[in-house]
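Residue numbers (the numbering used here), protein chains in the order written: chain A, 3 to 98; chain B, 26 to 330. Think of the CB as a built atom: it goes at the ideal place given N, C-alpha and C, for glycine as much as any other residue. See structure below.
Structure (structure tokens):
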């Protein structure tokens, strides 16, 4: 079972087209193994991206160096998934 | 048993059992199989029909991106709502007296099972690509509408890989074949999550659809109805102007097939969990989505073309 320990999800808010282009560049860097939940397209829509633990620092450094604003949407994805799994198990038990 | 918990996430087996339960409870609900997935799982559609043959119809599907669990869960709540409201709710009764309704609650069952067993974050199909170490195609880039153009990836490892050719995915081909053979579908709504959007074509081109004004007005009404329940804020517009260029998308194809009322939902992300929406938000999400769906369905019923 694949785990997502240490994976973070960032919400990135772009201010202009230039920043959107920077994110599109980031998207093309396959070695980072980023999973864009909402792709960079226009400044009006925030971008959400899941970042594997090994790439978190690189991506944050990139964003900060470009002055692109971001916030942490999910601190540790596996915590959320564990909670969800627990909820499902409890719900199944209740039904039985 | 009637004990199904609509406010919880369920496995594919549980969902299929609940479909059988709905069929057993309501005489006008039928379960039909429109095809099978790459891994040979049946694609089940609930057909709501109160009579007549080849009536004009409305299509709803959910879960084409498997990890968007709130969509499959909402579809089940909606199925139960439609069935239980017929005969008591004037709007649904008049709709089903005139039209049929088809609901595909799990459009990507292979991916859905995979999200339960291996990788909760899986979004694509599970088809194997010859010559590639990566698996799966984005089924919302695999339709024959601007296929392979900008707004989809040719890299089979990408989350937005468009696949080797249009309709290469049996999950997509099954819907395409069904829509074509039915020939009288008047509205097509595909349910995704998340980001709180109601979208209409196009995604592959900036050219506005000929019916843009009407679709925009319907969207505005639908979003107003949705927001009236819990204040959830939605944006609406064409795919390309509201989110981003996306080629090979579902509703671009359906619109080009002549299904004017083609929409896609991106359900709520209140709680900032994205498609990892906590189970306690399933019912509120379904309830508010239902209000918007009703607007679209009523508009379709009252503006037959």
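Inset, instruction - Taking residue 122/B as the reference, give the member of 168/B, 223/B and 110/B with the closest Cα. - result: 110/B
Inset, instruction - For residue 246/B, I'd like the list of residues in its chain whose CB is within less than 7 Å of its CB, leaving aside the five on either flank, ordered along the chain. - result: 320
Legend entry - Residues that residue 260/B bridges to, as DSSP identifies them: 222/B
Inset, instruction - Report the rounded CA-to-CA distance for residue 128/B versus residue 78/B, giving the unit in angstroms. - result: 18 Å
Inset, instruction - Return no unless some Cβ of chain A is closer than 9 Å to the Cβ of residue 156/B. - result: no
Legend entry - Beta-carbon proximity check, residue 346/B vs residue 87/B, cutoff 9 Å: Here chain B comprises residues numbered 26 to 330, so residue 346/B is not present and cannot be evaluated.
Legend entry - Interface flag, residue 241/B vs chain A, CB-CB below 9 Å: no
Legend entry - Beta-carbon spacing of residue 78/A, residue 299/B below 9 Å: no
Inset, instruction - Look up residue 67/B in the DSSP assignment and say whether it is helix, strand or coil. - result: strand
Legend entry - Residues near residue 231/B in its chain [Cβ-Cβ closer than 7 Å; skip 5 each side]: 265
Inset, instruction - Throw me the rounded Cβ distance for the residue 275/B and residue 193/B pair, which I believe falls under 8 Å. - result: Their Cβ separation, rounded to whole angstroms, is 15 Å, which puts residue 275/B and residue 193/B out of contact at 8 Å.
Legend entry - Buried versus exposed call for residue 91/A [16 or more other C-beta atoms within 10 Å across all chains shown]: exposed
Legend entry - Residue-chain proximity (residue 182/B, chain A), Cβ-Cβ < 9 Å: yes
Inset, instruction - Report yes or no: is there a C-beta of chain B within less than 9 Å of the C-beta of residue 53/A? - result: no
Legend entry - Backbone CA spacing between residue 10/B and residue 89/B [nearest angstrom]: No statement about residue 10/B is possible, as the shown extent of chain B runs from 26 to 330 and does not include it.
Legend entry - Assigned secondary structure, residue 60/B (DSSP; H/G/I helix, E/B strand, else coil): strand
Legend entry - Nearest-angstrom beta carbon gap, residue 217/B and residue 140/B [assumed within contact, 8 Å]: So it is not a contact: roughly 15 Å between Cβ atoms.
Legend entry - Enclosing beta strand (DSSP E) for residue 15/A [first to last residue]: 10-15
Legend entry - residue 189/B and residue 154/B closer than 9 Å at C-beta: yes
Legend entry - Expected contact under 8 Å - CB spacing of residue 91/B and residue 41/B to nearest Å: With a Cβ gap of about 15 Å, residue 91/B and residue 41/B do not count as contacting.
Inset, instruction - Helix, strand or coil for residue 93/A, going by three-state DSSP, please let me know. - result: helix
Legend entry - Cβ neighbour criterion (16 or more within 10 Å) applied to residue 14/A: buried
Legend entry - residue 94/B: first and last residue of the uninterrupted alpha helix (DSSP H) it sits in: 94-110
Legend entry - Residues near residue 209/B in its chain [Cβ-Cβ closer than 8 Å; skip 5 each side]: 79, 80, 81 and 82
Inset, instruction - With hydrogens ignored, establish whether the beta-carbon of residue 272/B is closer than 8 Å to any heavy atom of the ligand MG. - result: The ligand MG is absent from the structure shown, which contains no ligand whatsoever.
Legend entry - Residues of its chain near residue 197/B, where Cβ-Cβ distance is below 7 Å and the 5 sequence neighbours each way are ignored: 164, 167 and 168
Inset, instruction - Please confirm if residue 97/A has its CB atom under 9 Å from at least one CB of chain B. - result: yes
Legend entry - Proximity winner among 42/A, 83/A and 46/A, relative to residue 351/B (alpha-carbon distances): Outside the shown range of chain B (26 to 330) lies residue 351/B, about which nothing can therefore be said.
Inset, instruction - Verify the CB distance criterion: does residue 63/A have a CB-CB separation below 9 Å to chain B? - result: no
Legend entry - Any chain A beta carbon closer than 9 Å to residue 311/B: no
Inset, instruction - Assess, as a yes-or-no matter, whether the region 250-257 of chain B is touched by the region 49-66 of chain B under the definition of 3 or more beta carbon pairs within less than 8 Å. - result: no
Inset, instruction - Return the first residue and the last residue of the alpha helix (DSSP H) that residue 127/B is part of. - result: Not the alpha helix (DSSP H): residue 127/B falls in the beta strand (DSSP E), residues 125-129.
Legend entry - Pick from 94/B, 112/B and 285/B that is closest to residue 31/B, judged by C-alpha positions: 94/B
Inset, instruction - For residue 14/A, go through chain B and note every residue whose CB falls closer than 9 Å to its CB, in chain order. - result: By Cβ distance, chain B contributes nothing, its closest Cβ being about 13 Å from residue 14/A, past 9 Å.
Legend entry - residue 21/A in three-state terms, based on DSSP: helix
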